[in-house]
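S.K.: For the sequence shown, the working numbering assigns the number 5 to the initial residue and increments by one for each residue that follows.
Glycine is no exception: its CB is placed at the ideal position from the N, C-alpha and C atoms.
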Amino acid sequence: MSKKPTFTEQLRQAIREAPVTRYQIWQDTGIGQPLLSKFLSGDCGLSLETVDTLTEYLGLELKPTKKRTRRRET
């Protein structure tokens, strides 16, 4: 069974595959090219505010996956 990509990995892929340049993302969102480059290379993470901005800009949304069942401790 293959492991599903993390949200971070999916966001990185969406940025790389976006039909616009990182320069255009910066112009449209205010998120600097150096930050995007560091994020894409795995050198830093992003604040939730920045993630919100990017997901809205790229037309992404976070959806729940199949719910895991938790075992109740007795």
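1) Quick check on the burial criterion: 16 or more other C-beta atoms within 10 angstroms. Buried or exposed for L52?
2) Which two residues bound the contiguous alpha helix (DSSP H) that contains K7?
3) Below 8 angstroms CB to CB, which residues in the same chain sit around W30 once its five sequence neighbours on both sides are set aside?
4) Which value, in whole angstroms, describes the spacing of the CA atoms of T59 and K71?
5) Let me know the secondary structure DSSP gives I19 once reduced to three states.
M.R.: Once the coordinates are examined:
1) exposed
2) Run containing K7: none; DSSP gives neither H nor E here.
3) G36, Q37 and L40
4) 23 angstroms
5) helix
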